[in-house]
Amino acid sequence: MPESYESSLVLKNFLPYRLVNLAQNVSEKFSEVYQSEFNLTTPEWRILVHLAEHDDSDLVGNGQSDANDDRDDRGDRGDRDEKEERDTSTDSAGISAKELTVLASMDKSSVSRAVKLMLDKGYLIKQLDENDKRASVLALTQQGKYLYQTIAPKALAWEVDLLDTLSASEYRDLMRILDKLDNSLA
Numbered sequence: 001m002p003e004s005y006e007s008s009l010v011l012k013n014f015l016p017y018r019l020v021n022l023a024q025n026v027s028e029k030f031s032e033v034y035q036s037e038f039n040l041t042t043p044e045w046r047i048l049v050h051l052a053e054h055d056d057s058d059l060v061g062n063g064q065s066d067a068n069d070d071r072d073d074r075g076d077r078g079d080r081d082e083k084e085e086r087d088t089s090t091d092s093a094g095i096s097a098k099e100l101t102v103l104a105s106m107d108k109s110s111v112s113r114a115v116k117l118m119l120d121k122g123y124l125i126k127q128l129d130e131n132d133k134r135a136s137v138l139a140l141t142q143q144g145k146y147l148y149q150t151i152a153p154k155a156l157a158w159e160v161d162l163l164d165t166l167s168a169s170e171y172r173d174l175m176r177i178l179d180k181l182d183n184s185l186a
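For the sequence shown, full-length UniProt numbering gives the first residue as 1, with consecutive numbering after it.
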């Protein structure tokens, strides 16, 4: 526990309050990247990204080199190895709506509404699960893949701009601390 820990609750020093406010501010500002230009809701964005990460056509690596190059200039921010990223993208041609609720940390009804919107817009296709013919999985259409490839570099550039206030060392410390706090809650 920090030495400066207070015995009374002061919101500006209360970590859960600060983290929630920061997350809401970041989410609100970042949503401008995909809402105004691409007319996506936050749940649609989250589903798009998770499906892109699970796509077996190596979609995640496409169209992102410029933004990743900017990230590398300020230090290594991708501590995950390539194998970890590839393992999730080669599992299947799609994932179920139930899996999306877990991956995206969203409730079932939010996922269902977003999936319906994305199916109607032509970004997703629903198909039979190859492993369980009673179930269906969702995958990105070519239009959905193109949308992801268009938005991903803009999202990464937005992140670079946000993180420009941190040095490479501060960024590594922040990631380490966030991981430590996240692991303590598991």
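All C-beta atoms, glycine included, are put in the ideal place defined by N, C-alpha and C.
| Item | Value |
| --- | --- |
| For Val33, the nearest candidate out of Thr150, Arg172, Leu166 and Leu163 (CA to CA) | Thr150 |
| N-terminal and C-terminal residue of the alpha helix (DSSP H) that Ser112 is part of | Lys108 to Lys121 |
| Any non-hydrogen atom of the ligand ZN within 7 Å of Leu147 CB | The model on display carries no ligand, and the ligand ZN is accordingly not part of it. |
| Span separating the alpha-carbon of Asp179 from that of Trp158 | 22 Å |
| Anticipated Cβ contact below 8 Å, Ala114 with Thr41, distance rounded | 6 Å |
| Beta-bridge partners of Val137, as assigned by DSSP | Gln127 |
| Contact between the segment 95-112 and the segment 22-39 (3+ Cβ pairs under 8 Å) | no |
| Where Val137 falls, given that 16 or more other Cβ within 10 Å makes a residue buried | buried |
| Length of the line joining the Cα atoms of Ala168 and Asn131 | 44 Å |
| Rounded C-alpha distance that separates Glu44 from Lys121 | 11 Å |
| Selected residue, minimal CA-CA separation from Leu124, among Ser96, Ser109, Ser27 and Arg134 | Ser96 |
| CB of Ala52 within 8 Å of CB of Tyr146, strictly | no |
| Rounded separation between Asp79 and Leu174 - CA only | With a pLDDT of 44 at Asp79, under the threshold of 50, the predicted position of this residue should be treated as unreliable, and no value is reported. |
| Distance between beta carbons of Ala139 and Gly94, contact taken as under 8 Å | 4 Å |
| Anticipated Cβ contact below 8 Å, Leu100 with Ile47, distance rounded | 6 Å |
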